[in-house]
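Going by our numbering, the residue at position 80 of the sequence shown is 446; the numbering climbs one at a time, nothing skipped.
Note that beta-carbon positions come from the ideal geometry of N, C-alpha and C, so glycine has one too.
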Amino acid sequence: MSLKNQNETMKEKVRKAFSLKEDSAPHEEIKARLLDGGQVTGTNMCVLVCAMIIASVGLNMSSTAVIIGAMLISPIMGSILASAYGSVSADYPLLRNHLLGFGIQVAISVSAAMIYFLLSPVKEPTVELLARTSPTFFDVLIAFFGGIAGIIGQTRIDKTNTVIPGVAIATALMPPLCTCGYAIANCRWDMLLGAGYLFILNAYFIFLSASIILSVLKIPKTKELTEKEWRRHRFRMVRNTIIIAIPSIVAVYYMII
367 MSLKNQNETM
377 KEKVRKAFSL
387 KEDSAPHEEI
397 KARLLDGGQV
407 TGTNMCVLVC
417 AMIIASVGLN
427 MSSTAVIIGA
437 MLISPIMGSI
447 LASAYGSVSA
457 DYPLLRNHLL
467 GFGIQVAISV
477 SAAMIYFLLS
487 PVKEPTVELL
497 ARTSPTFFDV
507 LIAFFGGIAG
517 IIGQTRIDKT
527 NTVIPGVAIA
537 TALMPPLCTC
547 GYAIANCRWD
557 MLLGAGYLFI
567 LNAYFIFLSA
577 SIILSVLKIP
587 KTKELTEKEW
597 RRHRFRMVRN
607 TIIIAIPSIV
617 AVYYMII
């Protein structure tokens, strides 16, 4: 075998090893999974409130195990992945619907945490609470690659998804929302700013990474974008990414100096 053929064979093996399309589920199944996971139902909302109270207690008591347990049962990531599907498929009514559902989940989550912390006798911020108020670019990396792992897990043929629980723990969407509730309950606006930014950072980069993977998988679009619309969409994504990431990069700079 010639050297050229050997190189081609090696490239083919590497390409196949990292191919996302080899074992991806059919597009209709991917759509059903993501949209089902993003539904804002009574059951999901009840589980969400329970998860928020559990996470708030864990943060209030500095119990890492309790916080992890709350992150495992929280359904909030489903809305982010469903929104990413709506964006990539150019189904803008679907996107707006899931973004609205996501906003409702966020509002209820913060309200539940706020009520808990208003009633809690422990008012001093714990180490776990303070840890959610200083986001850096490292949190961007965790959210981005966690989002990639999460959407890959959701789009595989194998329905036994062991990835999402790990992603839920790594990307940590619940604790920042709980910290926002604590900050509002105790008028700690400095903590509200840091925790709110951390949540936005995590949610946005999960959305971005999910959108990238769904684009690679060539999810069918409800309508084809014109070249002008595609350029506008790409510009917005780049602009939003830069705007959201800049404060975290600055934070890392001040950590180093």
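* Asked: So LYS397 is in the alpha helix (DSSP H); what residue range does that whole segment cover?
  -> 393–403
* Asked: Does the separation of the CB atoms of ASN552 and PRO491 fall below 9 angstroms?
  -> yes
* Asked: TYR570: buried (16+ other C-beta within 10 angstroms of its C-beta) or exposed?
  -> buried
* heavy atom of the ligand FMN below 8 angstroms from THR607 C-beta -> Among the components of this structure there are no ligands whatsoever, and the ligand FMN is therefore not found.
* To do: Would you identify the three-state DSSP class for SER390, choosing helix, strand or coil?
  => strand
* **Same chain, Cβ closer than 6 angstroms to GLY444, neighbours up to 5 away in sequence not counted** => GLY403, GLY404
* To do: Could you check what DSSP says for ARG554 in three-state terms: helix, strand or coil?
  => coil
* Counting pairs of Cβ atoms below 8 angstroms between the segment 596–614 and the segment 470–490, do you hit three or more? -> no
* Reference ILE523; option with closest CA among THR375, PRO392, MET376 -> PRO392
* Would you be able to state if there are at least three C-beta pairs under 8 angstroms between the segment 509–521 and the segment 541–559? => no
* Could you tell me which residues DSSP puts in a beta bridge with ARG597? => DSSP, once it has assigned bridges, lists no residue as partnering ARG597.
* Asked: Helix, strand or coil: which one does DSSP assign to ARG605?
  -> helix
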